[in-house]
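Visitor: In short: position in the sequence shown from 1, add 1, done, that's my numbering. Don't be surprised by glycine CBs; every beta carbon is placed ideally from N, CA and C.
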Amino acid sequence: MKKIILTAIIIGIIALTIIITFIKTKSTQDSTIEILATNLDTPWAIDFLPEGALLFTERPGRVSIIGEGRVKLIKEINVNEESESGLLGIAVDPEFEENHFIYIYYTYEKGNRVSRFTFSQQEKKLENELILLENIPHAKYHDGGRIKFGPDEKL
Numbered sequence: 002m003k004k005i006i007l008t009a010i011i012i013g014i015i016a017l018t019i020i021i022t023f024i025k026t027k028s029t030q031d032s033t034i035e036i037l038a039t040n041l042d043t044p045w046a047i048d049f050l051p052e053g054a055l056l057f058t059e060r061p062g063r064v065s066i067i068g069e070g071r072v073k074l075i076k077e078i079n080v081n082e083e084s085e086s087g088l089l090g091i092a093v094d095p096e097f098e099e100n101h102f103i104y105i106y107y108t109y110e111k112g113n114r115v116s117r118f119t120f121s122q123q124e125k126k127l128e129n130e131l132i133l134l135e136n137i138p139h140a141k142y143h144d145g146g147r148i149k150f151g152p153d154e155k156l
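(1) From this set, HIS143, GLU98, GLU85, which residue's C-alpha is nearest ASP42's C-alpha?
(2) Just how far apart, CA to CA, sit ILE67 and ASP48?
(3) Please tell me whether ASN81 and THR119 are closer than 8 Å, where the distance is taken between their beta carbons.
(4) Hey, out of ILE14, ARG63, ARG117, whose CA is closest to LEU156's CA?
(5) Three-state secondary structure (DSSP) at PHE97?
(6) Go through its chain and collect everything with a Cβ distance to LEU133's Cβ below 7 Å, but skip five positions before and after it.
(7) VAL64 lies in the beta strand (DSSP E); which residues open and close that run?
(8) Please work out which residues of its chain come closer than 7 Å, Cβ to Cβ, to ALA92, disregarding the five sequence neighbours upstream and downstream, and give them in chain order.
(9) Which of the three DSSP states is assigned to LEU74 in this structure?
(10) Whose C-alpha, out of ILE75, THR18, ILE20, LYS111, is nearest the C-alpha of GLN123?
Here it is, written out as structure tokens:
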């Protein structure tokens, strides 16, 4: 009886391995990889503008946009980058088309903060920082910083 159970377990493991290998192979064959940017320094968070351009942060303090096939720096923020802290989260306002607001979470010398910037579509840059919340405790490791809007459209 023990031999039958052991044999069934081994056959089950082999079958499961074959199925997983097939699924992984199939899913990678159906996808293509396209490199959008190179020479980045710790890219951390992304979000999309309504027309499809991609915004992203790099922990040393850069916010960039990828659109029309090129990367453009739109803001450099003075951050305190130590280990896993620095420029972290980014979120596009659900009402972006009306207000052009972008929210950013970053580490500064006294802690973390959340700021709102206005995106100038003509100049393609972030302007008019408004600090919304600061002195959020920070840490050298596992500093956090992901921000997104929920289904209720609240940050």
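Guide: Reading from the atomic positions:
(1) Position 41 of the sequence shown, counted from the start, is the residue given in the question as residue 42. Closest by alpha carbon: GLU85.
(2) Here residue 67 is taken as the residue at index 66 of the sequence shown, counted from 1. Here residue 48 is taken as the residue at index 47 of the sequence shown, counted from 1. ILE67 and ASP48: Cα-Cα distance of roughly 11 Å.
(3) Taking the first residue of the sequence shown as 1, we reach residue 81 at position 80. Taking the first residue of the sequence shown as 1, we reach residue 119 at position 118. The answer is no: Cβ separation not under 8 Å.
(4) For the purposes of this step, residue 156 is taken as the residue at position 155 of the sequence shown. Of the candidates ILE14, ARG63, ARG117, the one whose C-alpha sits nearest the C-alpha of LEU156 is ARG117.
(5) Taking the first residue of the sequence shown as 1, we reach residue 97 at position 96. Three-state DSSP puts PHE97 in a helix.
(6) The count along the sequence shown starts at 1 and reaches residue 133 at position 132. These residues qualify, in order along the chain: VAL115, SER116, ARG117.
(7) Walking along the sequence shown from the start, residue 64 turns up at place 63. Run containing VAL64: 63-68, per the beta strand (DSSP E) assignment.
(8) To locate residue 92, count along the sequence shown from 1; it is residue 91. Closer than 7 Å at the Cβ level, and outside the excluded window around ALA92, lie ASP48, TYR104, ILE148, LYS149, PHE150, LEU156.
(9) To locate residue 74, count along the sequence shown from 1; it is residue 73. It is a strand residue.
(10) Here residue 123 refers to the residue found at position 122 when the sequence shown is read from its first residue. Considering only alpha carbons, the answer is ILE75.
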